[in-house]
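Number of protein chains: 2
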Amino acid sequence: MNARTVPAQVDPSLPKGAGGRQARQGAATLAADLRVALLRCTRRIRAEKSDLELSDTQYSVLSVLDRIGPLTLRELADHERVQPPSMTRAVNGLADRGLATRSDHPVDGRQVLVAVSEAGRAELRETRRRRDAWLARRLAELDPADRAVLAAAKDVLSRIADS
Amino acid sequence: MNARTVPAQVDPSLPKGAGGRQARQGAATLAADLRVALLRCTRRIRAEKSDLELSDTQYSVLSVLDRIGPLTLRELADHERVQPPSMTRAVNGLADRGLATRSDHPVDGRQVLVAVSEAGRAELRETRRRRDAWLARRLAELDPADRAVLAAAKDVLSRIADS
DNA sequence: TATTGTTATACTCTATAACTATA
DNA sequence: TATAGTTATAGAGTATAACAATA
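Going down the list, the sequences are from chains A and B. Its first residue numbered 1067, the first sequence is counted upward by one per residue in the numbering used here. Its first residue numbered 1067, the second sequence is counted upward by one per residue in the numbering used here.
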């Protein structure tokens, strides 16, 4: 079930507090406010570094490889919306640390298949809690209604990022 | 109220829909998913450049100066959580374009007061719609309930970023 | 001495352009 | 010719260290 088929209810039944308070805000104004909030929040999250100091792109690459399997460098670049040279660099950084592997494409000799290694998976598992510690601490301090709002927002934001 | 006394649980009386859908997701798991969604979404937003090509920090500086008035460079650096040299650079870029002004502090000769100029305010007003066009377009395509979720999330995220 | 801000310098991430290898 | 990927190079943003001016 996704939010497209089962939308959250608006005004009358939203929980008190943050949800109902801004329900009437127009898309244009909301975009401005939301963008500022997203950028500020993201900067705070990014400030919490893991020991390995992987870039956002590198973490995202490990994550997508873990989720949907080996991809070519071009596919990774398209997925992350960076140029091929940037992805070459990001993947090389992962491969140098043993977190990802590069292998020849079975049929097309031009292509390179990138996969997450076992060490990469372990890194994803092991460091997510540490990487997310800052955010999780704040989430835990929220009241349940606000946390539910963010859980819902997460799905909506993912769809927006995919669009 | 902290993470230990109030575990990441959700009130069963929450509404159905987007919020309720993920109501049981723990703070740790939610943190991971939310972080990925925030980072991906933010990267997409940032990819939409304005003509002036101000950095996130520069826009945020203009915005905060517009919102709460003149601040010293140190105060701006603390607020944006960057180091003083980075803020010097950001503010110089704004001042060079006439979007902000630098003036001597009335009592403390060491300090510099930074203020948004009229051109800076105009830039904020004029370019927000353009900067936010990408996001606003996606928001407009959402059903109202999902938009309400993001409006609520915006406030929660702002609080988190402030914490 | 401590604090504010700047300069010097380096690092990371990204991009474009030019190149190699393969289809 | 066209595509996949790499190398070379540059630009933006940030950081630390050293320094200047002021409190």
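By construction, the Cβ of each residue, glycine as well, lies at the ideal position given by its N, Cα and C atoms.
In the same chain as residue 1169 of chain A, and ignoring 5 residues on each side of it, the C-beta atoms closer than 6 Å to its own belong to 1179, in chain order.
Per DSSP, residue 1155 of chain B is one residue of the alpha helix (DSSP H) stretching across 1150-1162.
Contact with chain B is absent for residue 1160 of chain A, since none of that chain's Cβ atoms lies less than 8 Å from the residue's Cβ. For residue 1096 of chain B, at least one C-beta of chain A is nearer than 8 Å to its own C-beta. Sequence-distant partners of residue 1171 of chain A (beyond 5 residues in either direction) whose C-beta falls short of 8 Å from its own C-beta, in its chain, are 1138, 1177, 1178, 1179. The Cβ atoms of residue 1103 of chain A and residue 1223 of chain B lie closer than 8 Å to each other. For residue 1226 of chain B, the C-beta contacts it makes with chain A under 7 Å involve 1107, 1204, in order along the chain. Interface with chain B (8 Å Cβ-Cβ cutoff): residue 1168 of chain A is excluded. Where residue 1126 of chain B is concerned, the enclosing alpha helix (DSSP H) starts and stops at 1122-1134. Not one beta carbon of chain A lies nearer than 8 Å to the beta carbon of residue 1117 of chain B.
Residue state for residue 1170 of chain A is assigned as strand, using DSSP reduced to three classes.
Here the alpha carbons of residue 1182 of chain B and residue 1142 of chain B stand approximately 12 Å from one another.
Residue 1111 of chain B reaches chain A at 1101, 1104, 1105, counting residues in chain order whose Cβ is nearer than 8 Å. DSSP, reduced to helix, strand and coil, places residue 1223 of chain B within a helical segment of the structure shown. Taking 8 Å as the threshold, the shortest C-beta distance from residue 1173 of chain A to chain B does not fall below it. Here residue 1205 of chain B is near residue 1213 of chain B, since their CB atoms are less than 8 Å apart.
In the DSSP assignment, residue 1179 of chain A falls within the beta strand (DSSP E) that extends over 1178-1182. Distance check between residue 1184 of chain A and each of A/1132, A/1210, A/1228 places A/1132 closest, using alpha-carbon atoms only. Residue 1093 of chain B has its alpha-carbon roughly 44 Å from the corresponding atom of residue 1163 of chain B. Of the candidates B/1160, B/1167, B/1161, B/1140, the residue whose Cα lies closest to the Cα of residue 1151 of chain B is B/1140.
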